[in-house]
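The block underneath contains the structure these notes are about, expressed in structure tokens.
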Amino acid sequence: MYATSVDDEAFLLDLLNTTPVIDGVPTDALSDIAVASPWMTAHGMPATAAAWTSLTDARAALQAVVRGDESAATLQPFLDRVRLAPTAGDAGVTWRLDVDDDASGAARAVLAWDGLRITSPGRLRPCANTECHLFLIDRSKPNTARWCSMAICGNRMKARRHYQRSRG
Numbered sequence: 001m002y003a004t005s006v007d008d009e010a011f012l013l014d015l016l017n018t019t020p021v022i023d024g025v026p027t028d029a030l031s032d033i034a035v036a037s038p039w040m041t042a043h044g045m046p047a048t049a050a051a052w053t054s055l056t057d058a059r060a061a062l063q064a065v066v067r068g069d070e071s072a073a074t075l076q077p078f079l080d081r082v083r084l085a086p087t088a089g090d091a092g093v094t095w096r097l098d099v100d101d102d103a104s105g106a107a108r109a110v111l112a113w114d115g116l117r118i119t120s121p122g123r124l125r126p127c128a129n130t131e132c133h134l135f136l137i138d139r140s141k142p143n144t145a146r147w148c149s150m151a152i153c154g155n156r157m158k159a160r161r162h163y164q165r166s167r168g
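Quick note on UniProt numbering: the sequence shown kicks off at 1 and runs consecutively.
Below, the structure written as structure tokens:
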């Protein structure tokens, strides 16, 4: 089995959260290759048009899967070019991801999603604020986090509920 890391989980969350709503307007931090290049480079990916297309397609599919709008089977195209290469060493067998550079970001994100699904089921979820497009990984012991940010979305939703109750 390919082992994902905390860095892979952070990469996945960073990718999912590249479509925030800012001042009520949906935005896309990866809207085109020119805008996405610094993000891709910072995350260790080649900033090519093919890598960008693969990455943004994977992002859309992963967002739909995490929201429950699509089945996990929609992620298969991002794994078709992935091969795992075993390496034996003193510590045992380790698995190395073997994939074309242009597909590496998409494959890494899908494998990180699967790693979270296995090790932390139900902890990757969309923010409970329906006006927010962000996602969170709930690391709390009771697994009860609902908001991408308690200070922002949690406070807004609580204030909204209070206002609605006070108005009757």
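Ideal Cβ positions, reconstructed from N, Cα and C, are used throughout, including at glycine.
Between the alpha carbons of A145 and D8 lies a distance of about 21 Å.
Annotated three-state conformation of A88 is strand, per DSSP. Secondary structure note for R139: it is in no alpha helix (DSSP H), with a DSSP letter that is neither H nor E. Counting along the chain, no beta strand (DSSP E) covers R117; the unbroken alpha helix (DSSP H) around it starts and ends at D101 to T119. Burial state of L84 is exposed, judged by a 10 Å Cβ sphere holding fewer than 16 other Cβ atoms. Between A47 and S37, the C-beta gap is smaller than 8 Å, which places the two residues in contact.
Cβ contact annotation for D80 (same chain, cutoff 7 Å, sequence separation greater than five): none. Between V110 and A73 a beta carbon distance of about 12 Å is seen, past the 8 Å cut, so the two are scored as non-contacting.
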